[in-house]
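S.K.:
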Amino acid sequence: MTRLSNTTTHPFLEIRDQQGMRIPASLVLAVVSLALVGCGHVRATGGQPSPVVLSSTAATSGPPADAAARAEPDGEFSLLVFDRVNGQVMASRNPTTPYPAESVVKLLIAVSALQSGADAGVVASMLMRSDDEIANQLWKKYGDTAIVHRAIKVMGLSGTVAPADPGRWGDTQITAEDLVKVYQYLLDKAPATIRDVILKALSSATRYAADGFDQYFGIPDALGDQAWAVKQGWACCRPDRVAHTTGLLGDQQRYIVVALSSHDASTTWDEVTGELTKAVQAAVTGLKF
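So for the sequence shown, numbering that gives the first Met the number 0 puts the first residue at 0; every next one is plus one.
#1: Could you tell me if S203 is buried or exposed, where buried requires 16 or more neighbouring beta carbons within 10 angstroms of its beta carbon?
#2: Identify whether V84 lies in helix, strand or coil by the three-state DSSP scheme.
#3: Run through DSSP, which three-state label would W227 get?
#4: Check for me: the alpha helix (DSSP H) holding V179 runs from which residue to which?
#5: Hey, how far is the Cα of I108 from the Cα of D239?
#6: So which of D213, D170, S111 and P94 has the shortest CA-CA distance to I146?
#7: Enumerate in chain order the residues of its own chain whose CB-to-CB distance from A175 is below 6 Å, with the five nearest sequence positions on each side excluded.
#8: Tell me which residues share the same chain as V229 and place their Cβ nearer than 7 Å to its Cβ, disregarding the 5 neighbours each side in the sequence.
#9: Skipping 5 residues on each side, what residues in its chain have a beta carbon closer than 7 Å to that of S124?
#10: Please go through the same chain and pick out, in chain order, the residues whose beta-carbon is closer than 6 Å to the beta-carbon of V279, but skip the five residues on each side of it.
#11: Just how far apart, CA to CA, sit G324 and A242?
#12: Closer than 8 Å is the cut-off here; do at least three beta carbon pairs connect the stretch 166-184 with the stretch 86-103?
#13: Which whole runs of the alpha helix (DSSP H) in the stretch 89-137 are 4 residues long or more, in chain order?
#14: Terminal residues of the continuous alpha helix (DSSP H) containing T144?
#15: Measure the CB-CB distance between V179 and F81 and report whether it falls below 9 Å.
#16: Based on the DSSP secondary-structure assignment, which residues constitute the bridge partners of Q172?
#17: Please identify the residue among D263, I193, A117 and L126 whose C-alpha is closest to the C-alpha of R206.
#18: Helix or strand or just coil, what does DSSP make of A208?
#19: If you drop the 5 nearest sequence neighbours on each side, which residues of the same chain put their C-beta closer than 6 Å to that of L106?
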């Protein structure tokens, strides 16, 4: 279901991927050694604007990446870690590979709904609890696939595609690169009335989603007591088992972290979510809190 793309450079981000060929996760995560510094608390307000010109400085080796690779089961990954203060891509692997967005598309639903005057409490509940029923209602009310098309235009998304079936918002295709742009939009361009509602909700995500799924894999479990703001995604099996962890960490939301994954349906949720957590842990090892 997932496709790996070749090396590309996007004119907005100006980042460069390594090889885009299909590879096992153990090799993919060998790039996750990050030279990150200074991480504090996530606040539900706009942080420092992201420079327009970015440069890729992804490391390809080091103890954190080696430790992550040794513990990884096979899978497909895209990873992008962006430092907003320095305007640098700190780690990048297959940033333009499309995946089904699943519940991560609720970020786009939230923006569109709030722009149209939706109740902020309802939108916040959708994000905090990853509530599919609320998402269904807002998706239908505010234009279904038109929500995605508006986001593509307003946020400059180049690898995002609306679902072929308008009734399946989770089938929206999205890339790690585009998700970085979504977070950049929220932090730097969205009106405060929209930004504050969404970021507060993301920083208040409940451990268990509305469907009972434990949302604290990836970024939350990896960061421990450190602050975060996240939107997770998961689904199985059409045909793959998909899990994504995306969000913000650091003082004034310094870092945007996106890790997208797709596995054979024969894998377990413990394997898949554990893999994402270990990937983020490899990145956190290099942080100086």
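We put the CB at the ideal spot given by N, CA and C, even for glycine. In this text the structure is predicted, and so the values were computed from the model without any measurement.
M.R.: In brief:
#1: exposed
#2: coil
#3: coil
#4: A175 to D187
#5: 24 Å
#6: S111
#7: S77, L79, P94, V257 and L259
#8: L201, A204, I218, P219, T244, T245 and G246
#9: D130 and I133
#10: G217, I218 and A221
#11: One cannot answer for residue 324 here, as it falls past the ends of the chain, which runs 0 to 288.
#12: yes
#13: 105-114 and 119-127
#14: T144 to M154
#15: yes
#16: P99 and V160
#17: L126
#18: coil
#19: V181 and K230
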